[in-house]
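>
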Amino acid sequence: GAVLPLLPPSVDTLSGYAERRDDLVSLADRRDRLRLLAFPRGRSAADFNRRGEIVSRERRRSWTLRVEAPRRLRYRLQASLETLRHPFAPCQVRVDGRRLPDDRWSYLRASGALRVAFAGRSVRLVARGRCGG
328 GAVLPLLPPS VDTLSGYAER RDDLVSLADR RDRLRLLAFP RGRSAADFNR
378 RGEIVSRERR RSWTLRVEAP RRLRYRLQAS LETLRHPFAP CQVRVDGRRL
428 PDDRWSYLRA SGALRVAFAG RSVRLVARGR CGG
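Numbered according to this note's numbering, the sequence shown spans residues 328 to 460.
1) For Leu411, count neighbouring C-beta atoms within 10 Å of its own C-beta (all shown protein chains included) and say buried if the count is 16 or more, exposed if not.
2) Which residues share a DSSP beta bridge with Asp430?
3) What is the rounded straight-line gap between the Cα of Ser270 and the Cα of Gly459?
4) Is the Cβ-Cβ distance between Arg370 and Arg384 less than 8 Å?
5) Counting only the same chain and skipping the five closest in sequence on each side, list residues whose C-beta sits under 8 Å from that of Arg368.
6) Tell me Pro332's beta-bridge partners as DSSP assigns them.
7) Report the three-state DSSP secondary structure of Leu408 (helix, strand or coil).
8) Looking at the unbroken beta strand (DSSP E) that takes in Gly379, where does it start and where does it end?
9) Within 10 Å of its beta-carbon, does Ala446 have 16 or more other beta-carbons around it, so buried, or fewer, so exposed?
10) On the DSSP bridge assignment, give the partners of Arg421 in chain order.
11) Starting from the Cα of Arg401, find the closest Cα among Arg393, Asp359, Arg457 and give me that residue.
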């Protein structure tokens, strides 16, 4: 499996030159945002932004993503749950133990794509495939 940290698509340049131009968006303008593209399977880890770490772990009927960053960031995650050893359709998503409202995440059954918006410095996200008794 793999988790790829990506710059937001609105970033035009990595240079400081954009700060002098109104028509360009620099990395500094979006330093509080990160896109994550995940293809989870088993356990995997990735580093980002020098001191950040992402750990992905598959369990039966659930998937956990742990993100450690040096400061609070806003994340937009897109994950293919079809790459799991045991793919599932999530019935809930939790961030740091709290159930996320339905308007903060979505799942497209046709593609197996889970999309989640969340924020934090040290975050534990869990997508569950079994929620009832």
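Built from N, CA and C at the ideal position, the CB exists for glycine as well.
Predicted, not measured: the structure shown is a model, and the values here were computed from it.
Working from what's here:
1) buried
2) Paired residues: none, contrary to the question.
3) No answer is possible for residue 270: the residues shown for the chain start at 328 and end at 460.
4) yes
5) Gly328, Glu385, Thr410, Leu411, Arg412
6) Leu363
7) helix
8) 379-386
9) exposed
10) Arg426, Val453
11) Asp359
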